[in-house]
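Encoded as structure tokens, the structure appears first; notes follow it.
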Amino acid sequence: MRRLVVLRPRERAGTTLARIAEAGGEGIGLPLFALEPLAWNAPDPAGFDALALTSVNTVTLAGPELAFLAALPVWTVGEATAQAAREAGLTVAHAGSSDAAALFGAMADAGVARALWLAGEDHRPKPARPNLTVIATYRAAPIPVDPAALAGAVALVHSPRAAARLAEIVTPGSRGTIHLAVISAAAADAAGPGWAGVAVATRPTDAALVAAAIDRARAHADKRSR
């Protein structure tokens, strides 16, 4: 089986590597970014109907200011973010199973008019509804990576930004031996062409991404053994 390379920041890679090991795979960490908390001040929660959290990082790197927002019902992307919010003393009203766009659509449909969105510094543009106030609680700083470490591997790509960073690091002429397992179609688009193969996770979760990567690695191993 091809080795699996986890591109997540070091603080988040452990969970993915553990899942790979449980599935019988060989995983190594090769972070593309280093996470850094940002200074921020919590606004008056009375000005909002809900708190939106679209990444575990926004919770774990938020610091003590997060406690001032405990009165707000929390809407999250993913159960992992929801669990981190609960552990931080917040009350989760809804845990979405898709992406940020779907979450904000669900919030608007549920009558949330004013929401506070804690996000990363590189967050995507705000939707028209609901009315969002965005505060960045962390940044993901790019770090140097040797692309030679990816040769012959299956790389796990957890976000469109990671996919775009990978496309910067690995030139089109060097992609032919690298397989990708990506968390979404948006991440696949951001990675660009030329890879040996691209497998998209059935759901935008770490568990589904690991399953897609294991399947890709085993399929290639089966072909080589024939």
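In this text, residue positions in the sequence shown follow my numbering: the first is 62, and each later residue adds one.
All residues carry an ideal CB built from backbone N, CA and C; glycine is no exception.
Per DSSP, reduced to three states, the secondary structure at Ala280 is helical. In the three-state reduction of the DSSP assignment, Val271 falls in the helix class, which pools H, G and I.
DSSP places Ala82 inside the alpha helix (DSSP H), whose first and last residues are 71 to 83.
Secondary structure at Val135: strand, using DSSP grouped into helix, strand and coil. The beta carbon of Leu96 is closer than 7 Å to those of Pro70, Glu72, Asn118, Leu122, Tyr199, Ala201 in its chain, skipping five residues each way along the sequence. Note on the stretch 103 to 134: whole beta strand (DSSP E) runs with a minimum of 3 residues are 111 to 114, in chain order. With respect to Ala224, Gly237 sits apart: the two C-beta atoms are not nearer than 7 Å. Between the alpha carbons of Ser245 and Arg264 lies a distance of about 8 Å. In the three-state scheme derived from DSSP, where H, G and I count as helix and E and B as strand, Thr152 is classed as strand. Around the beta-carbon of Thr142, 16 or more other beta-carbon atoms lie within 10 Å, marking it buried. When C-alpha distances from Phe94 are compared across Val218, Ala79, Asp170, the shortest belongs to Val218.
For the set Ile204, Asn192, Ser220, Ile196, the Cα lying nearest the Cα of Ala251 is the one of Ser220. Note on geometry: alpha-carbon atoms of Pro104 and Ala176 lie some 12 Å from one another. With a contact defined as Cβ atoms closer than 8 Å, Ala111 and Ala161 miss out at about 14 Å.
When Cβ pairs closer than 8 Å are counted between the two stretches, the stretch 145 to 159 is seen to touch the stretch 125 to 136, the count reaching three or more. Val231 is positioned such that its CB atom lies no closer than 7 Å to that of Ala249. Contact between Ala216 and Gly86 is ruled out by a C-beta separation of about 13 Å, above the 8 Å threshold. For Pro221, there is no enclosing beta strand (DSSP E); the enclosing alpha helix (DSSP H) covers residues 221 to 230. Counting along the chain, Gly258 sits inside the beta strand (DSSP E) bounded by residues 258 to 261. The beta carbon of Gly150 sits closer than 6 Å to those of Ala131, all from its chain and outside the five residues before and after it, given in chain order. Take the alpha-carbon of Arg63 and the one of Ala214: they are about 6 Å apart. Per DSSP, the beta bridge partners of Arg175 are Asn192. Taking the Cα positions, Gly181 is about 30 Å away from Ser235.
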